[in-house]
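Residue numbers (the numbering used here): 20 to 261.
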């Protein structure tokens, strides 16, 4: 992986979506701690005051035009965009019996269309001159499906697929595209209803990941283009092997 000096890092911005909570927030904080300017994108205003190096951006990733306008404004006078980390996503339960059209569209709009919108807006700002990197959040459920995650699993499989496609398409612009596929992670959402406690006995490492562990992977893949592109890294405590 390319090593960046402090002066180089301070002249770069990163776009992080889903930045108000969970893995997105931890990723935004990791980049900010490393000296990057962070555009912290979420659909709502953050509950906490803005931290150093972090600019909150309120935008819906499903609306490409609104997202582009918000990013254009947030980048004015700021360091150039060099990385895009799309951590935004939803994971409501669904099955053949329970799903409906509204739920299908909500999951695929946010998890699939939203990721593509973020990629297109980000690619325009990164541009072909200096290149950059993109990291998408997929899920281990794209490979090892879970009961009652019918639509979520399919949406994350789509993310894995277009990670490969965009890696080829954006290579000529000097942009690498990779994904991470977390398993169980200790977030606000997974703690609800005791789901994560029920899952831990089946994880070979017998624990869930922390949001900081996932942010470390987002940092390592996003901080600079490397020779790795089009890949999805599973960070799931051994669940995928089973």
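We treat Cβ as the ideally placed atom computed from N, Cα and C, and that holds for glycine.
Check: So, using beta-carbon positions, are residue 276 and residue 81 closer together than 8 Å?
Finding: In the structure displayed, the chain extends from 20 to 261; residue 276 sits before or after that span and is not available.
Next item on the list: For the alpha helix (DSSP H) containing residue 85, list its first residue and its last residue.
Entry: 83-94
Note to self: Here's a check: name, in chain order, each residue in its chain whose Cβ is nearer than 6 Å to the Cβ of residue 183, leaving out the five neighbours to either side.
What the structure shows: 249
Note to self: Considering Cα atoms alone, identify which of 233, 204, 230 is closest to residue 219.
What the structure shows: 204
Notebook entry, point to check: Relative to the alpha-carbon of residue 191, which residue among 214, 55, 148, 179 has its alpha-carbon at the smallest distance?
Noted result: 148
Notebook entry, point to check: DSSP state of residue 72, grouped into three classes?
Noted result: coil
Next item on the list: Starting from the C-beta of residue 38, find all residues in its chain whose C-beta is less than 7 Å away, skip the five residues before and the five after it, and write them out in chain order.
Entry: Counting only Cβ-Cβ distances below 7 Å, and skipping sequence neighbours, we find 44, 47, 59, 60, 61.
Notebook entry, point to check: DSSP state of residue 187, grouped into three classes?
Noted result: helix
Check: With distances taken from CA atoms, which of 31, 32, 30, 41 is nearest residue 156?
Finding: 41
Next item on the list: Could you spell out where the beta strand (DSSP E) holding residue 201 opens and where it closes?
Entry: 194-201
Checklist line | Beta-carbon proximity check, residue 175 vs residue 152, cutoff 8 Å | finding: No, Cβ-Cβ distance for residue 175 and residue 152 is not below 8 Å.
Notebook entry, point to check: Between the C-alpha atoms of residue 268 and residue 237, what's the straight-line distance to the nearest angstrom?
Noted result: Within the shown structure, residues of the chain are numbered from 20 to 261, placing residue 268 beyond reach of any answer.
Margin query: Quick check on residue 153: does DSSP put it in helix, strand or coil?
Written below: Strand at residue 153.
Notebook entry, point to check: Taking the C-alpha atoms as reference points, what is the distance between residue 22 and residue 244?
Noted result: Below a pLDDT of 50, predicted positions are generally treated as unreliable, and residue 22, at 47, falls in that range; no measurement from the model is reported.
Checklist line | Spatial distance of residue 68 from residue 74 (CA atoms) | finding: 10 Å
Notebook entry, point to check: What residues match up with residue 66 in a beta bridge as DSSP calls it?
Noted result: Answer is none; residue 66 lacks a bridge partner.
Check: Apart from the five residues just before and just after residue 63, which ones in its own chain have a Cβ nearer than 8 Å to its Cβ?
Finding: 39, 77
Next item on the list: Please work out which residues of its chain come closer than 8 Å, Cβ to Cβ, to residue 30, disregarding the five sequence neighbours upstream and downstream, and give them in chain order.
Entry: 98, 99
Check: If you draw a straight line from the C-alpha of residue 217 to the C-alpha of residue 146, how long is it?
Finding: 45 Å
Check: In three-state terms, what does DSSP make of residue 21?
Finding: Confidence in residue 21 is poor, its pLDDT being 46 and thus under 50, which makes the residue's placement unreliable; the coordinate value appears in the next sentence. The answer is coil: DSSP assigns residue 21 none of H, G, I, E or B.
Check: When you compare each of 106, 126, 101, 88 to residue 142 by their alpha carbons, which one comes out closest?
Finding: Distances from the alpha-carbon of residue 142 to those of 106, 126, 101, 88 put 101 closest.
Next item on the list: Any chance you could list the alpha helix (DSSP H) runs of at least 4 consecutive residues sitting entirely within the stretch 87-136, in chain order?
Entry: 120-127
Note to self: Rounded to whole angstroms, what is the Cα-Cα separation between residue 110 and residue 254?
What the structure shows: When only Cα atoms are considered, residue 110 and residue 254 end up about 17 Å apart.
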